[in-house]
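*Asks:* Numbering that gives the first Met the number 0 puts the sequence shown at residues 0 to 46.
We treat Cβ as the ideally placed atom computed from N, Cα and C, and that holds for glycine.
Just dropping this structure here.
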Amino acid sequence: MDSSTPASSTPTGDRYDQLRKISELKQSGVLTEAEFAEEKARILKQP
Numbered sequence: 000m001d002s003s004t005p006a007s008s009t010p011t012g013d014r015y016d017q018l019r020k021i022s023e024l025k026q027s028g029v030l031t032e033a034e035f036a037e038e039k040a041r042i043l044k045q046p
């Protein structure tokens, strides 16, 4: 195993992935601007 490979489950990585996913949902019309803003704020408040 390569111990220099960063773990993908870091809090920062998880937040980035979540933000990217909700951005894609907004762009595809699944989320409204208000829903996107609410989810973004929720993600960024996570410890």
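Which value, in whole angstroms, describes the spacing of the CA atoms of Gln45 and Ser27?
*Replies:* Each residue's Cα considered, the two are about 25 Å apart.
*Asks:* Can you check whether the CB of Ile42 is closer than 8 Å to the CB of Leu24?
*Replies:* Not a contact, by the Cβ cut-off of 8 Å.
*Asks:* Just curious, the alpha helix (DSSP H) that Gly28 is in, first and last residue?
*Replies:* Unbroken run through Gly28: none, as it is neither H nor E.
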